[in-house]
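Read through the structure below, which is laid out as structure tokens, and then see the notes.
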Amino acid sequence: MTRRLLALGLAALLLSCGRPDVIAELPSGQTVTVAQPSFGDARPHPWSGRAPSSYQVHGIDVSRFQGPIDWPTAASAGVSFAFIKATEGGDRVDAAFHENWRGAGRAGVPRGAYHFFYFCRPASEQADWFIRTVPKSARALPPVLDMEWNPFSPTCTFRPEPAVVRAEALTFLRRVGAHYGRRPIVYTTIDFFERNEMWRLTGYDFWLRSVAAHPHERYAGHPWTFWQYTGTGIVPGIGKVTDINVFNGDASRWAAWLALNLR
């Protein structure tokens, strides 16, 4: 199956690796190299309007489901950042979190940790669990709160009212933000965003999923910092399909964003 997916991906490359790398300078004088990605997709989408390939900065989000990752190879292929699943609910740690966290760090890939929210447990307990699990590092990207429905959960398919969802989100965001000293990012999906009126959470960067159209179309122009544009990406160094994302800006803006958030 993996070989078949790789063959499909190589036949449907999303992005060209023929363009030169881009080097941007941080205000501190350090430089950030953005390698042009050479990724594929097992199920490529025929984009209309602005496509993901028009963005310079691409990255991945991963969990145990991707299996072992060759992080130096992924970085060389154009992975400029990675969000790594750390926790879920108030008592679960992703089995690959610590390995992925160390591997991305050793490969020089800017990485952040994300928490999958569980709607049958208080947000304060979930925030404390995330804090106990994820190292406090000045070189880490801001933490992420992943809020989406999980209809396949064996223990919790509860869907609170929108006001409750947003209140719980704020409890988690404020508690985690205070601990790590940086404002967390909110990840969400189209249906969740609409039903719970997530645009009411102001002052936070959003990471939006949209695999069939640009976020501007699906989220009514809501501002975004990261866009998850596929869940079937093929990335060198990763043996299974993975999510791929873009940053909303060029390499210079990426350097500026890193300068504000890697502290």
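Mature numbering (1 follows the signal peptide of the UniProt record, and there is no 0) puts the sequence shown at residues -24 to -1, 1 to 239. C-beta: ideal position from N, C-alpha, C; glycine also.
Query, Result
"Opposing strand residues paired with H87 [DSSP bridges]", "The question names His, but residue 87 is Arg in the sequence shown. DSSP lists A58 as partners of R87."
"Three-state class that DSSP yields for R115 in the structure shown", "coil"
"Beta-carbon proximity list for S52, same chain, < 7 Å, skipping 5 on both sides", "A11"
"Where R19 sits in the DSSP three-state scheme", "coil"
"Cβ contact (3+ pairs, closer than 8 Å) linking the segment 164 to 182 and the segment 194 to 210", "yes"
"Range covered by the beta strand (DSSP E) that runs through N126", "Note, N126: premise wrong, no beta strand (DSSP E); not H, not E."
"Same chain, Cβ closer than 7 Å to T208, neighbours up to 5 away in sequence not counted", "D17, A18, R19 and V217"
"Member of T206, W230 and A231 whose CA lies at the smallest distance from the CA of A27", "T206"
"For C96 and I45, the rounded distance between their alpha carbons", "32 Å"
"Residue nearest to L236 in terms of C-alpha spacing, selected from D(-4), R158, N224 and A83", "R158"
"Backbone secondary structure at Q42 - three-state DSSP", "helix"
"Euclidean distance between Cα positions of P175 and P136", "Looking at the sequence shown, residue 175 is not Pro but Trp. Roughly 17 Å between the two C-alpha positions."
"Distance, P130 Cα to D104 Cα", "23 Å"
"Rounded Cβ spacing between I220 and I36 (contact assumed at less than 8 Å)", "6 Å"
"Reference V152, options D70, P118, A139 and R185, closest by Cα", "P118"
"Cβ neighbours of I(-2) in the same chain (closer than 6 Å, five flanking residues each side left out)", "T7 and T9"
"Beta-carbon gap between G54 and A72 smaller than 9 Å", "no"
"Inter-residue spacing [alpha-carbon to alpha-carbon] between T164 and R68", "20 Å"
"C-alpha gap between F93 and G79, whole angstroms", "25 Å"
"V33 burial status per 10 Å Cβ neighbour count (16 or more: buried)", "buried"
"The alpha helix (DSSP H) enclosing F168, as first and last residue numbers", "I166 to R171"
"Within 9 Å, strictly: CB atoms of G81 and R115", "yes"
"Residue(s) in a DSSP beta bridge with L184", "T164 and W203"
"Pairwise C-alpha distance: D181 and A143", "17 Å"
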